[in-house]
Each structure stands twice: as C-alpha cells, then as structure tokens.
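Quick mapping for you: the protein sequence lines, in order, are chains G and R.
Residue numbers 516 to 855, in this note's numbering, belong to the letters of the first sequence in order.
Residue numbers 43 to 276, in this note's numbering, belong to the letters of the second sequence in order.
No residue lacks a Cβ here, since even glycine has one placed at the ideal position from N, Cα and C.
Since the structure comes first, as structure tokens, the remarks are kept for the end.
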Amino acid sequence: MEAITDFVSAIVLLLNFIVVPGLSYGSQLALGALGITLVFGILRFANFAHGDTMAFGTMMTILVTWWLQSKGINLGPLPTALLALPLGIAATILLLVMTDRTVYRYYRHSKAVPVTFMIASMGVMFMTNGIVRFVIGPNDQRFLDGERFIVHARNFKSMTGLSEGLSIKVSQGLTIVVAIILVALLFWFLQKTRTGKAMRAYSDNEDLALLSGVDPDRVVLVTWIITAILATIAGTLYGLDKSFKPFTYLQLLLPMFAAAIVGGIGNPIGAIVGGYVIAFSEVMVTYAYKKVFVYLLPQSLEPQGLLQLLSTDYKFAVSFVILVLVLLVRPTGILKGKVL
Amino acid sequence: MSFLSGENMVGGYGGADILKGCSIDVNEGEIAVIVGPNGAGKSTAMRALLGMLDLKQGSVQFRGKDISSLSPQDRIAEGIAFVPQTSNVFTSMTVFENLEMGAFLRNDDISETLEQIYELFPILAEKKDQLAGELSGGQRQQVAVGRALMSQPAVLMLDEPTAGVSPIVMDELFDRILEVRQTGVAILMVEQNARQALDIADRGFVLVIGENRHTDTGAALLADPEVRRSFLGG
C-alpha cells in the first residue's frame, strides 16, 4: 500500500513541477514562435523585434488593466487583463502596421535581401524596447488579480491524503485553454478562409501567388495583424504566469526562435511542436529529481545530491543546445520547414 | 487585329536588351508557338507580354486595348494566365487548393470550371487531396496548367510546359493543350521540343537573338528547309 502511495506521490511531483509548468510555458513559447514563423514564412525575415512586440502588447494590456481596476471593473475570478486584451491588441496592431509602413515597406519595395530586413528588425527591436522602458519602466510589474489557483496544493493534499500537493494556477490553466483556442482559430483561418489560403500560397510560392492575383499588400497587412494578436496574447499570458519585466521579454527571443527553428521555420505546426519541445527540455533538465527518487527507490538507495542536471541559471543554454543539435542533424527542423 | 499582340518589343531585365524588336501575336482558338535556340529570348518575349519586364520600345495590345502600362497583376485580372516553367505549383498545398488559388480572382461559382479541369486531367480528380509537391513531374505540369485555366483566361501562356517530362507525358500534355484550344482559348507556348510543338501549332515564331527570324503557320515552318536545317536538326 505504501509503495503505491509513494508511486502516486512521485507522479504528482512530476505533474506539479514538470507537466503543468511545461505545458503552460510551452504554450506561451508556441504562441510566440507562431508569430515568428508567420513573419518568416510570409515576409521572409527573422523578426528580432518579436520579443519586444510582445512586451509592448503586454504593457498596453497592463495599462488598460490598471485603468479598469481603478474604475472598479473586474472579471471576478478571472484576471482583469483578459478584458483589457482587445485594447492591448489594437494598440499592438497599430504599432506593427506603423513600423511596416515606415520601415519594412521601404525595404520590401527596394527588394532588399533578408539580412537587411533582419538588421532593420533589430533597430525596431531597440526602438520598441525603448518605448516600453520609457512608458512603464524597466522594473517588474504585477497585474494579476482574481483567483490565484484552480487547484490549490493544500486542498489537493487534504482531498487526496497524499503528502505531495498538486497546484494549478489560474494563469496556467488560462494559458493552456487560450492557446488551444487561438491555435484552433489560426489553423481554421489558414486552412479554410480565402485570405488564409492566399497567405499560405504567398508563403509557398510568392511569384505564383502574384500570378494568381493575390494582393501582396493585403497579405502583409493581415500577417502583421495576426502577429500582433499572437504576440500580445502570448506576452500577456506569460506576464500573468510569471511577471512582466521588459528585459525578460527580450530574453524570450532565444527560446522562441529555437522553438520556431526546431519545429521547422515557416511551418505553423512546427512552431507549436517546437514550443513544447523547448519548454519541456528546459523544465526537465533544470528540475531537481531528488524527491522523486526518494519516493521511488528503497531507502538504502536514496540519492545524496539534488539530481539536478543543470542549474536554472543555465536554462537558456538548453534552447541553444537543442537548436544547434537540430540544425546539425536535421536542418529543416522536426517537421519540414524552410532551410535557413 | 490580333487578340493579344506584342509589337516591335525592345527591352531586357535591366542589362543589355534581350528583345531587339520582336513581335508576337496570338488569336482566339489558336495555338502559337515560340521556338528558337537557347538565349533567343523566347521566354523573355512571353514575359514581356505579361508585363514582367519594362519595354523600352514597342507595345502590347490585348482585345484592341493598349495594356503596355499595366502591371502583371492587372493583366492577369484582364484574362491572361501564365504557367511558369519552374515552381509552377504550390507544393505545400493540395491539388484542389492549387486549383482554387487559380480561381482566386473569381467571385462566382467555380464548381463547373473545376469539373471541366477534372475532365481534362482525370488524374487531378483522383489526387485532389494530395499535396502538389508529392506529385510526379508530369502530374505537376497538369496541376500547373489546371491552376491557370481555373481563372477562365482568354489567353493561356505556357513557358516550356514539357520541360523535364517523359516523351509519353509530353504527347499527352500536347493532346490536352489541343483540347483546351477547342474551348476558344488563345494559347501561346514557348517550347524546346520545337518539332512536336510546331506540329500542333497554328502558327510559329522562330526567334533568334531577340528578333523574329521566321513567322509562318506551324506546318509551313516544319516544311521550310532552312528552318529544318537550322532549328529542327535536319
């Protein structure tokens, strides 16, 4: 009997510290990587400004959230930020369309090479980053309100009688649900609608799409709109789950790019697969497994150390290593994307 | 007055002129073929008709209207369809979606045209849910021609439709092209396989270094000893 309880406790530990955080972090990365992969597929450049686009969208959402909170408007158990999202998205769409008009369109019309676009996107990245720091400051901002937990560790323990608790935060549950809905909508849009098909055609073969009468300006505009929606939602979910700090969003660029490339850049399904691969790898190699083995092994074999493969300080190295490995073994990514 | 005609076209892709005053025209229900040695400007002449390069001289007329200043997109909207030699299908999309993209500018019901295409190329009906990138070369060419026909064009331009396909597939493609002509579409083709192409052509244009060398009916060109000696290998 005790063996079974121990085994269940070990499973709960893994669920609590690996599966739940991995799923929610993976969903956040997947949404971010989707934005990167869309811009790469349609506009054909690596958009380094994407992390800061997320920061900008989140900042706008936070500002609206604060305003709503000051008016006493809230969503009860759900975070008020959800109510603020549409305005945050609208502001981000405006930002992206304006940067396209003022920066990228010029290079597109002069048929610049992708590297030029990439460097230009770095400029946009610094500019957006500057705006965000200027408006909201470089510090941590908390904007989560409403209920904190769907499943509370303490309640879980008293309910099951186990010594290990499982906790699922509202922000985590929300992240996973919103990501599923958003991805389903995106795929429906790309597969079924006229504009979505035009975007896929344009991404597949630009010349032939033009020969079929696809309007490139419209495709580009829609791409930026979708990118803004994805970036704002991904950023806000990440901010609710962890906290909002402009610099963290810049750092997210690496795991998001890794996710997009690992999955196969330009391929939306690849971005999602890549997001979870990166997130789970990060969580799994930085978790200390000592307690799990204490439950599973007989007392005589109890491990001495923490059984942590890598300190959490090095978590960014994980995405980098996976990126290098995939590029060496399978340059097109797990699912076939474009060759970089 | 021809249906679609380029008159005295001069121009290139920015560097030296590739076309040095060549004229091409095609009428409804007619197959016109452009042949000639490598580097003669065959494909360039066709691209000039579509507006893919800036002409220094000459003009392009379509249905009695000067379309020289229209962009390729606008010319397509006017009813000219073009099948490039390479990368002429959306490889990551299904055969059906490829055909659908061909009808992108149409707002009416496309099911009837779709039926006609499936009748013309039965293999496409069979493989309609397969990705175009997974098809063989000959099948891809059929998708490419099918995509172009979906827009119900008045003029169909084909850039070496038989490049890289087996002789059997080539014969079949030419048969299909003859069937398309029956529907009244004007067909303009650039072909490497000059003999077979002239065989089905109503008219042929032999280009040499950007200029018209011979222009006549397909049969007459095939019978012309000079054309035979210089361009058809005897």
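Item                                                                                                                                 : Value
Cross-strand partners of Q99 (chain R) (DSSP beta bridge)                                                                            : R:V52
Any non-hydrogen atom of the ligand ADP within 6 Å of L700 (chain G) CB                                                              : In the structure on display, the ligand ADP does not appear, and there are no ligands present to speak of.
Pairwise C-alpha distance: E120 (chain R) and N69 (chain R)                                                                          : 16 Å
Exposure of S796 (chain G), with buried meaning 16 or more beta-carbon neighbours within 10 Å                                        : buried
Distance between beta carbons of M714 (chain G) and I551 (chain G), contact taken as under 8 Å                                       : Not confirmed; about 15 Å, so no contact.
Beta-carbon contacts of V535 (chain G) that lie in its chain and below 7 Å, excluding the five residues immediately before and after : I683, Q687
Segment contact flag, the stretch 194-201 of chain R with the stretch 84-104 of chain R, C-beta cutoff 8 Å, min 3 pairs              : yes
Spatial distance of R1 (chain R) from M231 (chain R) (CA atoms)                                                                      : The shown model of chain R, from 43 to 276, leaves out residue 1 (chain R), and the question about it has no answer.
CB contact below 7 Å: S134 (chain R) versus chain G                                                                                  : yes
Where Q656 (chain G) sits in the DSSP three-state scheme                                                                             : strand
Within 7 Å of chain R by C-beta, residues of the stretch 801-822 of chain G in sequence order                                        : none
Run of the alpha helix (DSSP H) containing R257 (chain R), from where it starts to where it stops                                    : With the sequence shown as reference, residue 257 (chain R) is identified as Thr, and Arg is not the correct amino acid for it. Per DSSP, T257 (chain R) belongs to no alpha helix (DSSP H); it is in the beta strand (DSSP E), 253-259.
Any C-beta of chain R under 7 Å from that of R716 (chain G)                                                                          : Checking the sequence, you will find Ala at residue 716 (chain G) rather than Arg. Yes, because at least one Cβ of chain R sits closer than 7 Å to the Cβ of A716 (chain G).
Start-to-end residues for the alpha helix (DSSP H) that takes in S599 (chain G)                                                      : The identity of residue 599 (chain G) in the sequence shown is Ala, whereas the question assumes Ser. Looking at the DSSP string, the run of the alpha helix (DSSP H) that includes A599 (chain G) is 596-614.
Boundaries (first-last residue) of the beta strand (DSSP E) holding V250 (chain R)                                                   : 245-250
Under 9 Å by beta carbon: chain G residues contacting Q127 (chain R)                                                                 : Those do not exist, as Q127 (chain R) stays about 12 Å from chain G at its closest Cβ, beyond 9 Å.
For S47 (chain R), the residue or residues it bridges with in DSSP                                                                   : R:D67, R:Q103
Sub-7 Å separation of L598 (chain G) and L609 (chain G) beta-carbons                                                                 : no
Presumed contact (8 Å Cβ cut-off) between A775 (chain G) and A548 (chain G), rounded CB distance                                     : 4 Å
Residues in the stretch 134-149 of chain R having any Cβ partner in chain G nearer than 8 Å                                          : S134, M135, E139, E142, M143, G144, F146, L147
Closer than 7 Å to chain R by CB, D732 (chain G)                                                                                     : no
Every unbroken beta strand (DSSP E) inside the stretch 624-688 of chain G [3 residues or more]                                       : 664-666
Neighbour-count burial assignment, S539 (chain G), 16 or more Cβ in a 10 Å radius                                                    : buried
According to DSSP, residues forming a beta bridge with V77 (chain R)                                                                 : R:V248
Test item: CB-CB of V248 (chain R) and V77 (chain R) under 7 Å                                                                       : yes
Within 7 Å, strictly: CB atoms of I665 (chain G) and V685 (chain G)                                                                  : yes
Cβ-based burial, I696 (chain G) [other Cβ within 10 Å; buried from 16]                                                               : exposed
CB contact check: F124 (chain R) to chain G, cutoff 7 Å                                                                              : yes
Validate contact between the stretch 813-831 of chain G and the stretch 559-573 of chain G using beta carbons, cut 8 Å, 3 pairs      : no
Separation of D732 (chain G) from I242 (chain R), as counted between CA atoms                                                        : 41 Å
Nearest residue (CA-CA) to T827 (chain G), options G:W581, G:A596, G:K760, G:M799                                                    : G:M799
Local Cβ density within 10 Å of N80 (chain R), reported as buried at 16 or more and exposed below that                               : exposed
Members of the stretch 105-121 of chain R near chain G, C-beta cut-off 8 Å                                                           : P114, Q115, I118, A119
Test: G661 (chain G) CB closer than 7 Å to a CB of chain R                                                                           : no
Limits of the unbroken beta strand (DSSP E) element including L200 (chain R)                                                         : 197-201
Candidates G:G848, G:K757, G:L593, of which the one nearest I784 (chain G) by Cα                                                     : G:G848
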